[in-house]
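Asker: In this text, residue positions in the sequence shown follow the numbering used here: the first is 228, and each later residue adds one. Where is the CB? At the ideal position from N, CA and C, for every residue including glycine. Got a structure here, written out as structure tokens. Questions coming.
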Amino acid sequence: MRFDLTTLNLVLAIAETRSITRGAEREHLALAAASKRLSDLETRLGVALFERRARGVDLTEAGRALVRHIRALNASLHALESEVVEFSRGIKGHLRIAANASAIAECLPADLAAFSQAHAGIRISLEDLTSAEVQAAVAEGRADVGIFVPPQHESRLSCHPYRQGELAVLVPRGHVLAKRARVRFDALLDFDIVGLHLGAAVHEQMRERAQALGRTLNVRVQVRGFDAIAQLVEAGLGVAVLPAVVAQRFARIFAVVPLGLDEPWARRDYLLAVRTQEVLPTVVQRFVDALCPPLPADPPAAVTLSTAGPLTDRDTGPTADLHPDPRPTAQPVARQSRPRPRPTRTLP
228 MRFDLTTLNL VLAIAETRSI TRGAEREHLA LAAASKRLSD LETRLGVALF ERRARGVDLT
288 EAGRALVRHI RALNASLHAL ESEVVEFSRG IKGHLRIAAN ASAIAECLPA DLAAFSQAHA
348 GIRISLEDLT SAEVQAAVAE GRADVGIFVP PQHESRLSCH PYRQGELAVL VPRGHVLAKR
408 ARVRFDALLD FDIVGLHLGA AVHEQMRERA QALGRTLNVR VQVRGFDAIA QLVEAGLGVA
468 VLPAVVAQRF ARIFAVVPLG LDEPWARRDY LLAVRTQEVL PTVVQRFVDA LCPPLPADPP
528 AAVTLSTAGP LTDRDTGPTA DLHPDPRPTA QPVARQSRPR PRPTRTLP
């Protein structure tokens, strides 16, 4: 049985818009032509792909299976296109990156700038998603690379240690906690919280830690951006937990005070993920190698996350992580090979 890409992409558009009319418009087809294509495909397959309802359409089980394969096919075609462009015109292509808000704010911009400077012919698209959405986007072929905070939910991904970040607390000037250098998480549970939207890694981590303490988060306001959080904290609507680099940056702009978060889980890893496949597209492989470079086989031993020990004032005191150089960056994760350890490597 033969399929044409126009009809397959029409099915995908209808599924994503839940409307034959809007799906046809997205694929630049007349409604009558789109309806005939869909009807002919369902007749050839011998199964209905959509259930028609008063306010749109829903996928049937068969439709969901077909859409899953269409997305995988589009991902393969995108990889094929990237390879052909590279071979015919040199190192050129389109790299689609999905990352969570913390990675975008904390460490990714500098690495993207360095990569773009070294690979001027590669166009980059960057999408801000939650960590769970990042993993789904890469697994389904809607993104080539994902950067997120564990845990990993998708088994179809190959993950590489990328960088390590740190969370901090942001309070308004004059707040009862403002004179402290560091605070424990349980001390924040007595105050209103200004946080990111549901599903954001920071919010989910705070919610889980509060539950472990038998407490609940007093979430007063939830927003989608760190800048909005800083302004709401400045206005006295609550306290917040956000990446330390971001907290330091906002302390120079708003009437807020960054504090160290005195918890072992305040240090967290970022993972870089790609789809599990034998050969990555060259553009994707170059990006992975740039952000997670291979390490030598026989280096001296390095301190790893498992041996680093608990946080101390020396690690995150007011004269260390919370008041560093005015252009702080997240630190690369110390990575270890088996059976021999490998050292920490820093991007040039």
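Report all residues from its chain with a CB closer than 6 Å to the CB of serine 246; omit the five preceding and five following residues, and keep chain order.
Answerer: Stepping through the sequence shown from its first residue, residue 246 is reached at position 19. If we look at serine 246 and ignore the five residues flanking it on each side, its Cβ neighbours are Gly283.
Asker: Specify whether the segment 377-393 and the segment 493-511 touch according to this definition: at least 3 beta carbon pairs, one from each stretch, less than 8 Å apart.
Answerer: yes
Asker: Is there a C-beta anywhere in chain B that falls below 8 Å from the one on tyrosine 497?
Answerer: Protein chains in the displayed structure number just one, and chain B is not present.
Asker: Quick check: the segment 324-342 against the segment 411-429, are there 3 or more CB pairs under 8 Å?
Answerer: Result yes; three or more Cβ-Cβ pairs closer than 8 Å.
Asker: Could you tell me which residues DSSP pairs with proline 470 in its beta bridges?
Answerer: As a first step, residue 470 must be located in the sequence shown, where it is residue number 243. Proline 470 pairs with Leu394.
Asker: With DSSP as the reference, identify every bridge partner of histidine 321, one or two as the case may be.
Answerer: Position 94 of the sequence shown, counted from the first residue, corresponds to residue 321. According to DSSP, histidine 321 bridges with Arg350.
Asker: Using 8 Å as the threshold, is the C-beta distance between serine 382 and valine 501 below it?
Answerer: Stepping through the sequence shown from its first residue, residue 382 is reached at position 155. Stepping through the sequence shown from its first residue, residue 501 is reached at position 274. Taking 8 Å as the Cβ cut-off, serine 382 and valine 501 do not qualify as a contacting pair.
Asker: Could you check the C-alpha separation between alanine 395 and glutamine 449 for me, to the nearest Å?
Answerer: By one-based count along the sequence shown, residue 395 stands at place 168. By one-based count along the sequence shown, residue 449 stands at place 222. Distance between the alpha carbons of alanine 395 and glutamine 449: 18 Å.
Asker: Inspect the beta-carbon positions of aspartate 419 and leucine 464 and report whether they are closer than 8 Å.
Answerer: Stepping through the sequence shown from its first residue, residue 419 is reached at position 192. Stepping through the sequence shown from its first residue, residue 464 is reached at position 237. For aspartate 419 and leucine 464, yes; Cβs fall inside 8 Å.
Asker: For arginine 279 versus threonine 234, is the C-beta distance shorter than 8 Å?
Answerer: On the sequence shown, residue 279 is found 52 positions in, with the first residue counted as 1. On the sequence shown, residue 234 is found 7 positions in, with the first residue counted as 1. Result no, Cβ atoms of arginine 279 and threonine 234 do not sit closer than 8 Å.
Asker: Less than 8 Å between the C-beta atoms of isoleucine 374 and serine 352, yes or no?
Answerer: Your numbering for residue 374 matches position 147 in the sequence shown. Your numbering for residue 352 matches position 125 in the sequence shown. Not closer than 8 Å, so no.
Asker: Among the candidates Ala299, Ala359, Val403, whose CA atom is the shortest distance from the CA of glutamate 431?
Answerer: Residue mapping note: residue 431 aligns to position 204 of the sequence shown, counting from 1. Cα-wise, what sits closest to glutamate 431 is Ala359.
Asker: Taking one C-beta from the segment 295-310 and one from the segment 505-515 each time, how about it: are there three or more such pairs within less than 8 Å?
Answerer: Contact annotation: the segment 295-310 touches the segment 505-515, with at least three C-beta pairs closer than 8 Å.
Asker: State yes or no: is the C-beta of leucine 322 within less than 8 Å of the C-beta of aspartate 285?
Answerer: As a first step, residue 322 must be located in the sequence shown, where it is residue number 95. As a first step, residue 285 must be located in the sequence shown, where it is residue number 58. The answer is no: Cβ separation not under 8 Å.
Asker: Judging by CA-CA distance, which residue of Arg409, Val446, Cys334 is the nearest neighbour of valine 376?
Answerer: Along the sequence shown, read from residue 1 onward, the residue named residue 376 stands at position 149. The candidate whose alpha carbon is nearest that of valine 376 is Cys334.
Asker: Could you say which of Pro491, Leu356, Ala337 lies nearest to arginine 409 if we only look at CA atoms?
Answerer: Working through the sequence shown from its first residue, we reach residue 409 at position 182. Ranking the options by Cα distance to arginine 409, first place goes to Pro491.
Asker: Please classify phenylalanine 514: does DSSP put it in a helix, a strand, or coil?
Answerer: By one-based count along the sequence shown, residue 514 stands at place 287. In this structure, phenylalanine 514 counts as helix in the three-state DSSP scheme.
Asker: Output the residue ranges of the beta strand (DSSP E) runs that lie fully inside the segment 342-387 and measure 3 residues or longer, sorted by chain position.
Answerer: Within the segment 342-387, the complete beta strand (DSSP E) runs of at least 3 residues are 349-355, 372-375.
Asker: Let's see if you can read the secondary structure: which residues bound the beta strand (DSSP E) around arginine 279?
Answerer: Stepping through the sequence shown from its first residue, residue 279 is reached at position 52. Looking at the DSSP string, the run of the beta strand (DSSP E) that includes arginine 279 is 277-280.
Asker: Give the straight-line distance between the Cα atoms of proline 521 and valine 365, rounded to the nearest whole angstrom.
Answerer: The residue given as residue 521 occupies position 294 in the sequence shown. The residue given as residue 365 occupies position 138 in the sequence shown. Valine 365 has its alpha-carbon roughly 22 Å from the corresponding atom of proline 521.
Asker: Between leucine 276 and valine 238, is the Cβ-Cβ spacing less than 8 Å?
Answerer: As a position in the sequence shown, residue 276 is number 49, starting the count at 1. As a position in the sequence shown, residue 238 is number 11, starting the count at 1. Contact: yes.
Asker: When the distance is taken between beta carbons, is leucine 486 closer than 8 Å to leucine 404?
Answerer: Your numbering for residue 404 matches position 177 in the sequence shown. Your numbering for residue 486 matches position 259 in the sequence shown. In contact: leucine 404 and leucine 486 (Cβ atoms closer than 8 Å).
Asker: Report yes if the CB atom of valine 466 is closer than 8 Å to the CB atom of leucine 416, and no otherwise.
Answerer: Taking the sequence shown and counting its residues from 1, one reaches residue 466 at position 239. Taking the sequence shown and counting its residues from 1, one reaches residue 416 at position 189. No; because the gap between Cβ atoms is not below 8 Å, this pair is not in contact.
Asker: Please return the same chain residues whose Cβ sits closer than 8 Å to the Cβ of glutamine 362, not counting the five positions on each side in sequence.
Answerer: Counting from 1 along the sequence shown, the entry for residue 362 is found at position 135. Within its own chain, the residues whose Cβ lies closer than 8 Å to the Cβ of glutamine 362, once the five positions on either side in sequence are excluded, are Gly373, Phe375, Gln379, His380, Glu381, Leu384, Ala500, listed in chain order.
Asker: Do you know how far the Cα of arginine 400 is from the Cα of glutamate 288?
Answerer: Reading the sequence shown from its first residue, position 61 is the one you call residue 288. Reading the sequence shown from its first residue, position 173 is the one you call residue 400. Approximately 55 Å, taken between the alpha carbons.
Asker: How would you label arginine 177, buried or exposed, when you count the other beta carbons within 10 angstroms and need 16 or more for buried?
Answerer: Past the boundaries of the shown model lies residue 177; the chain is included only from 228 to 575, so the question cannot be answered.
Asker: If you draw a straight line from the C-alpha of alanine 439 to the C-alpha of valine 398, how long is it?
Answerer: The residue you call residue 439 lines up with position 212 of the sequence shown. The residue you call residue 398 lines up with position 171 of the sequence shown. For alanine 439 and valine 398, the distance between alpha carbons rounds to 23 Å.
Asker: Could you tell me the alpha carbon to alpha carbon distance between threonine 248 and glycine 290, rounded to whole angstroms?
Answerer: The residue given as residue 248 occupies position 21 in the sequence shown. The residue given as residue 290 occupies position 63 in the sequence shown. Rounded to whole angstroms, threonine 248 to glycine 290 spans 17 Å at the Cα level.
Asker: Report yes if the C-beta distance between aspartate 489 and arginine 411 is below 8 Å; otherwise report no.
Answerer: To locate residue 489, count along the sequence shown from 1; it is residue 262. To locate residue 411, count along the sequence shown from 1; it is residue 184. Yes. Within cutoff.
Asker: Can you find the residues in the same chain that come closer than 6 Å, C-beta to C-beta, to alanine 517, ignoring five residues on each side of it along the sequence?
Answerer: Within the sequence shown, residue 517 is the residue found at index 290, counting from 1. Excluding residues within five positions, the ones whose Cβ falls inside 6 Å are Phe342.
Asker: Can you tell which of Lys406, Glu367, Ala345, Ala332 has the C-alpha that lies nearest to the C-alpha of alanine 292?
Answerer: Along the sequence shown, read from residue 1 onward, the residue named residue 292 stands at position 65. Checking every option, the nearest Cα to that of alanine 292 belongs to Glu367.
Asker: Give every residue of the same chain whose Cβ lies closer than 6 Å to the Cβ of threonine 539, excluding the five residues on either side of it in the sequence, and list them in chain order.
Answerer: Taking the first residue of the sequence shown as position 1, residue 539 is located at position 312. Summary for threonine 539: the model assigns pLDDT 39, below 50, so the residue's position carries little reliability; its value from the coordinates is reported in the next sentence. Answer for threonine 539: no residue qualifies.
Asker: At the level of alpha carbons, what is the spacing between leucine 459 and methionine 228?
Answerer: Residue numbering aside, residue 459 sits at position 232 when the sequence shown is read from its first letter. Residue numbering aside, residue 228 sits at position 1 when the sequence shown is read from its first letter. Straight-line Cα distance between these residues: approximately 58 Å.
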